[in-house]
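Enquirer: My questions all concern the structure below.
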Amino acid sequence: MKFNTKLIHAGISEDQTTGAVSIPIYRASTFHQKRVGGQPQWEYSRSGNPTRAAVEKLIADLEEGTAGFAFSSGSAAIHAVLSAFSAGDHIIVGNDVYGGTFRLINQVLKRFGLTFTTVDMQDLEQVEQAINEHTVAIYFETPTNPLLKITDIKTVTTLAKAHNIKTIVDNTFATPYNQTPLTLGADVVVHSATKYLGGHSDLVAGLAVTNDEELAQQIGFLQNSIGAVLGPDDSWLLQRGIKTLGARMRVHHENTAAIVDLLKQDSHVAKVYYPGDPDFSGYDVAKKQMTHFGAMISFELQDGLDPKQFVEQLHFIDLAESLGGIESLIEIPAVMTHGSIPRDVRLASGIKDELIRLSVGIEDEEDLVEDVQQSLNQL
Ligand SMILES: *Cc1c(COP(=O)(O)O)cnc(C)c1O
């Protein structure tokens, strides 16, 4: 089955009892048991729910894993996966992961005795030097947010395997439409399904997928023990969103190509960050491990031009945080999504005050190009 067919037919695409082509929303919290101790398939909805199971099986198939788990947010998915480790364990983390992941690590997990080293994932030597006898995992995103840096997944997982270390990849920006880290040697993939997988800016959800039997057991145990499961209504909405991922991504990519062309030609723009741009530093690795390059673009205006003026002059590209929805969303990381990072730390990681991040939606290409152009022309 090819990917777009999988989106529609993989997982559990029909109700097992009625044949309904849309999985019903099983709102029941508990299930009738025929006899005591009979180990029924369904007993209590935190432990397992048929609507949630359908989306869990679907994401497992799409990411080429063996087990999928759905959570109430991406952050909950990341928390559950990292809870598989114990006090004293050491985890290497990419230095430009999602801000909420940083907060989870620094303000929550460290209190439970996990230790972390942040490294530049583009520098394999730095990654290798960070490995010590307690290192159990390497955690990173590719492409990253908002600089869209690319990490060579295969190279990192090869290094990790040589040291008997697990690799966890946050695949939110790429989605399995563009990249499947498990096929490149990763052990776990996590998602904020709030973004492209849900796809309509109307849902907060998270997913984790693995192809490692022991990790699958642990993540399932932690999902049930910590309990931040995705409810049946949201599980249904997420499955519906995922089914149109391919159709949406094709338009996202077309529109993105048009806007990258415009930004690269326009004299108001100083620098464009896009993994599909042959001039971009991560292009060669991106080309090797991704089928397309996603629909996130970051860029900087020429010195002296005001990024706030640019984003406020747009007519229908929405000024908002988040990404991956059908509507185009634009923001200034320094004062919005990454505003909580101290300025010197942020600048050191390359996120300038004037950086603009654009999540390209699926509106008509002509309208998006015209909107960006009219705002640039007014600067
Ligand atoms: C949004 C996001 C998260 C957190 O997901 P929530 O669903 O908001 O909890 C994690 N990683 C990345 C890359 C994200 O963009």
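Taking numbering that gives the first Met the number 0, the leading residue of the sequence shown gets 0, the next gets one more, and so forth. Virtual Cβ for every residue (Gly too), placed ideally from N, Cα, C.
Please state if the CB of S358 and the CB of G324 are separated by a distance shorter than 9 angstroms.
Expert: Taking the first residue of the sequence shown as 1, we reach residue 324 at position 325. Taking the first residue of the sequence shown as 1, we reach residue 358 at position 359. Yes. Within cutoff.
Enquirer: Please name the residue, chosen from T171, P341, L375 and A347, that lies closest to F298 on a Cα-to-Cα basis.
Expert: Against the sequence shown, residue 298 aligns to sequence position 299. F298 has its Cα closest to that of L375, out of T171, P341, L375 and A347.
Enquirer: Return the bridge partner residues of A66 from the DSSP annotation.
Expert: Here residue 66 refers to the residue found at position 67 of the sequence shown. Paired residue(s): T209.
Enquirer: From which residue to which residue does the alpha helix (DSSP H) around V368 run?
Expert: The sequence position of residue 368 within the sequence shown is 369, counting from 1. That run of the alpha helix (DSSP H) goes E364 to N376.
Enquirer: Under a three-way DSSP split, which group does I24 fall into?
Expert: As a first step, residue 24 is located in the sequence shown; it is residue number 25 there, counting from the start. The answer is coil: DSSP assigns I24 none of H, G, I, E or B.
Enquirer: Shorter than 8 angstroms, the distance from the beta carbon of D169 to the closest heavy atom of ligand 1, or not?
Expert: Taking the sequence shown and counting its residues from 1, the one referred to as residue 169 is at position 170. Yes.
Enquirer: At what residue ranges does the segment 26-111 contain a whole run of the alpha helix (DSSP H), taking only runs of 4 or more?
Expert: Taking only runs of at least 4 residues, the alpha helix (DSSP H) segments lying wholly in the segment 26-111 are 49-61, 73-81 and 98-102.
Enquirer: CB of L123 to nearest heavy atom of ligand 1: below 8 angstroms?
Expert: Counted from its first residue, the sequence shown places residue 123 at position 124. Not so, every heavy atom of ligand 1 lies at least 8 angstroms from the Cβ.
Enquirer: So, for E253: in the same chain, excluding its five sequence neighbours on each side, which residues have a beta-carbon less than 7 angstroms away from its beta-carbon?
Expert: One-based indexing of the sequence shown puts residue 253 at position 254. Hits under 7 angstroms: E364.
Enquirer: Check whether the Cβ of F172 sits closer than 8 angstroms to any heavy atom of ligand 1, and report yes or no.
Expert: Indexing the sequence shown from 1 puts residue 172 at position 173. Yes, Cβ of F172 sits closer than 8 angstroms to a heavy atom of ligand 1.
Enquirer: List the DSSP bridge partners of T117.
Expert: The count along the sequence shown starts at 1 and reaches residue 117 at position 118. Bridge partners of T117: V92.
Enquirer: Is F279 helix, strand or coil when you go by DSSP?
Expert: Locating residue 279 in the sequence shown gives position 280, where the first residue counts as 1. If DSSP states are grouped into helix, strand and coil, F279 belongs with coil.
Enquirer: How close, in whole Å, do the beta carbons of V187 and I167 come, if the pair is a contact with beta carbons under 8 angstroms?
Expert: Numbered from 1 along the sequence shown, position 188 holds the residue referred to as residue 187. Numbered from 1 along the sequence shown, position 168 holds the residue referred to as residue 167. The pair is a contact, with the Cβ atoms about 4 angstroms apart (cut-off 8 angstroms).
Enquirer: Could you check which residue in A347, E362, D343 and I316 has the C-alpha nearest to that of I355?
Expert: Here residue 355 refers to the residue found at position 356 when the sequence shown is read from its first residue. Among A347, E362, D343 and I316, the Cα nearest to that of I355 belongs to I316.
Enquirer: Please list, in chain order, all residues of the same chain as A333 whose beta carbon is under 6 angstroms from its beta carbon, the five residues on each side excluded.
Expert: In the sequence shown, residue 333 corresponds to position 334, counting from 1. Excluding sequence neighbours, A333 sits near D352.
Enquirer: Looking at V203: is its Cβ nearer than 9 angstroms to the Cβ of S44?
Expert: Along the sequence shown, one-based indexing puts residue 203 at 204. Along the sequence shown, one-based indexing puts residue 44 at 45. Going by C-beta atoms, V203 is not nearer than 9 angstroms to S44.
Enquirer: Let me know the beta strand (DSSP E) ranges lying completely inside the segment 177-253, each 3 residues or longer, listed in chain order.
Expert: Counting whole runs of 3 or more residues, the segment 177-253 contains the beta strand (DSSP E) stretches 187-191 and 205-209.
Enquirer: What residue from V208, N170 and A185 has the CA that sits closest to N163's CA?
Expert: Counting from 1 along the sequence shown, the entry for residue 163 is found at position 164. Comparing Cα-Cα distances from N163 to each of V208, N170 and A185, the minimum goes to A185.
Enquirer: Do I241 and V54 have their CB atoms nearer than 9 angstroms?
Expert: Translated into the one-based positions of the sequence shown, residue 241 becomes position 242. Translated into the one-based positions of the sequence shown, residue 54 becomes position 55. Going by C-beta atoms, I241 is nearer than 9 angstroms to V54.
Enquirer: Which residue wins for smallest C-alpha separation from V268, given the options G112, G198 and L378?
Expert: As a first step, residue 268 is located in the sequence shown; it is residue number 269 there, counting from the start. Ranking G112, G198 and L378 by Cα distance to V268 puts L378 first.
Enquirer: If we define contact as Cβ-Cβ less than 9 angstroms, is D14 a contact residue for chain D?
Expert: Although the question refers to chain D, the structure presented lacks it and comprises just one protein chain.
Enquirer: Compute the Euclidean distance between the alpha carbons of L328 and K33, then round it to the nearest angstrom.
Expert: Translated into positions along the sequence shown, residue 328 becomes position 329. Translated into positions along the sequence shown, residue 33 becomes position 34. The straight-line gap from Cα to Cα measures roughly 51 angstroms.
Enquirer: May I ask you to report which of helix, strand or coil DSSP gives L354?
Expert: Start at 1 with the first residue of the sequence shown, and residue 354 comes out as number 355. DSSP places L354 in strand when its eight states are reduced to three.
Enquirer: Is G197 closer than 9 angstroms to L146 when the C-beta atoms are compared?
Expert: Residue mapping note: residue 146 aligns to position 147 of the sequence shown, counting from 1. Residue mapping note: residue 197 aligns to position 198 of the sequence shown, counting from 1. No, Cβ-Cβ distance for L146 and G197 is not below 9 angstroms.
Enquirer: Examine ligand 1 and report whether any of its heavy atoms sits within less than 8 angstroms of the Cβ of N105.
Expert: The sequence position of residue 105 within the sequence shown is 106, counting from 1. Outside the cutoff, so no.
Enquirer: Keeping to the same chain, check which residues put their C-beta closer than 6 angstroms to that of A59; ignore five residues upstream and five downstream.
Expert: Mapped onto the sequence shown, residue 59 falls at position 60. Once the five neighbours on either side are set aside, the close Cβ partners of A59 are A66, G67 and V208.
Enquirer: Tell whether a beta-carbon distance below 9 angstroms holds between T336 and G73.
Expert: Position 337 of the sequence shown, counting from 1, holds the residue named residue 336. Position 74 of the sequence shown, counting from 1, holds the residue named residue 73. No, Cβ-Cβ distance for T336 and G73 is not below 9 angstroms.
Enquirer: Considering only their Cβ atoms, is the gap separating R26 from D232 smaller than 9 angstroms?
Expert: Counted from its first residue, the sequence shown places residue 232 at position 233. Counted from its first residue, the sequence shown places residue 26 at position 27. Yes, they are a contact pair.
Enquirer: Where DSSP assigns a beta bridge to L262, which residues make up the other side?
Expert: Here residue 262 refers to the residue found at position 263 when the sequence shown is read from its first residue. Partner(s): none; L262 has no beta bridge.
Enquirer: Using DSSP with H/G/I as helix, E/B as strand and the rest coil, what is F315?
Expert: Numbered from 1 along the sequence shown, position 316 holds the residue referred to as residue 315. Of the three classes helix, strand and coil, the one that applies to F315 here is coil, per DSSP.
Enquirer: Return the chain-ordered list of same chain residues with a C-beta closer than 6 angstroms to the C-beta of A319, the five sequence neighbours on each side being excluded.
Expert: If you number the sequence shown from 1, residue 319 lands on position 320. Cβ within range, chain order: L328.
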